[in-house]
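S.K.: Okay, handing you the structure first.
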Amino acid sequence: MEGSKENSLPVDFGLINVSSSIPYVIDDSLRSRSLSCSFVRQLTIKVFVVIVVCYLTPQLKKINQACFPVTYNANFYDEIAKTPDENLCKFAYWNGFAVGAICTRIEPIPDSPGRNRLYIMTLGVLAAYRNYGIGSKLVSSTLEYIESETEGKASTVDEVMLHVQSSNTDAINFYVEKFGFEKGELVENYYKRIDPPHCYILRKKLR
Numbered sequence: 072m073e074g075s076k077e078n079s080l081p082v083d084f085g086l087i088n089v090s091s092s093i094p095y096v097i098d099d100s101l102r103s104r105s106l107s108c109s110f111v112r113q114l115t116i117k118v119f120v121v122i123v124v125c126y127l128t129p130q131l132k133k134i135n136q137a138c139f140p141v142t143y144n145a146n147f148y149d150e151i152a153k154t155p156d157e158n159l160c161k162f163a164y165w166n167g168f169a170v171g172a173i174c175t176r177i178e179p180i181p182d183s184p185g186r187n188r189l190y191i192m193t194l195g196v197l198a199a200y201r202n203y204g205i206g207s208k209l210v211s212s213t214l215e216y217i218e219s220e221t222e223g224k225a226s227t228v229d230e231v232m233l234h235v236q237s238s239n240t241d242a243i244n245f246y247v248e249k250f251g252f253e254k255g256e257l258v259e260n261y262y263k264r265i266d267p268p269h270c271y272i273l274r275k276k277l278r
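Structural data, given as structure tokens:
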């Protein structure tokens, strides 16, 4: 999980089409989004976002195993591979390697017929690549898609929600400070086999 402090490095950003075995940039309008650099030696990290398809789920599994204290079962990955909306689950690639991923789903809002929310299931960046804005790009890309939709299921999304382990202050600060989420109620004993087992619910209103 990416923390609230980032090193500022120039970042080239684009979307990748994975219908081919060799990825290529298909959205040049998103390239060359630069961040100010405070380092003496200039470095450039090229980050691309790619949708998750069935033959990429082993890469997603490796990222999740490296980033999270919980284990996701086979059904979790099967459902992600079958998602009807390719913009809900994405990888971040650097230099040909998957270094981060975000997985979300659209689900109904209880007591609000016809309205939905975006639930962030996982957001992970490998430790060596954290604090370079990769997690922020993954979240921003997903939120921008939801907010830009004017028809279809994505246009019915009124809020974003996720659960964060109560001790994970870096993740809480990341969502609250960078994206305006509100820290909600504490849910006790939400997790199994990890300590502490409690979590906070974070929410962000979109519409």
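Residue numbers (my numbering): 72 to 278.
C-beta atoms are modelled at their ideal positions from N, C-alpha and C, and glycine is treated no differently.
#1: Cα-Cα, which of N166, V170, D156, T154 is closest to Q136?
#2: Which residues share a DSSP beta bridge with M232?
#3: Counting only the same chain and skipping the five closest in sequence on each side, list residues whose C-beta sits under 8 Å from that of V258.
#4: I need the boundaries of the alpha helix (DSSP H) containing Y148, first residue and last residue.
#5: Can you tell which of I265, I180, C138 has its C-alpha closest to the C-alpha of A172?
#6: Identify which residue in F162, Y200, L131 has its Cα closest to the Cα of D149.
#7: Within this structure, are the beta carbons of K275 and T213 separated by less than 8 Å?
#8: Is the number of C-beta pairs between the segment 182-189 and the segment 236-256 that are closer than 8 Å three or more?
#9: Given a cut-off of 8 Å on the beta-carbon distance, is the pair V247 and L277 in contact?
#10: Checking the sheet assignment: what are the DSSP bridge partners for P181?
#11: Can you give the Cα-Cα distance for P181 and M232, rounded to whole angstroms?
M.R.: Reading from the atomic positions:
#1: Indexing the sequence shown from 1 puts residue 136 at position 65. Among N166, V170, D156, T154, the Cα nearest to that of Q136 belongs to V170.
#2: Stepping through the sequence shown from its first residue, residue 232 is reached at position 161. For M232, which the question treats as bridged, DSSP gives the partners Y190, R274.
#3: As a working note, residue 258 is residue 187 in the sequence shown. Closer than 8 Å at Cβ, skipping near neighbours: H234, H269, C270, Y271, I272.
#4: Within the sequence shown, numbered from 1, the residue matching residue 148 stands at position 77. 145-152 is the span of the alpha helix (DSSP H), which, as asked, contains Y148.
#5: For the purposes of this step, residue 172 is identified with residue 101 of the sequence shown, where counting begins at 1. Comparing Cα positions, the closest option is C138.
#6: Within the sequence shown, the letter at position 78 stands for residue 149. Among F162, Y200, L131, the Cα nearest to that of D149 belongs to L131.
#7: Counted from its first residue, the sequence shown places residue 275 at position 204. Counted from its first residue, the sequence shown places residue 213 at position 142. No, Cβ-Cβ distance for K275 and T213 is not below 8 Å.
#8: no
#9: Counting from 1 along the sequence shown, the entry for residue 247 is found at position 176. Counting from 1 along the sequence shown, the entry for residue 277 is found at position 206. Not in contact: V247 and L277 (Cβ atoms no closer than 8 Å).
#10: Reading the sequence shown from its first residue, position 110 is the one you call residue 181. P181 is not bridged to any residue.
#11: Taking the first residue of the sequence shown as 1, we reach residue 181 at position 110. Taking the first residue of the sequence shown as 1, we reach residue 232 at position 161. Distance between the alpha carbons of P181 and M232: 13 Å.
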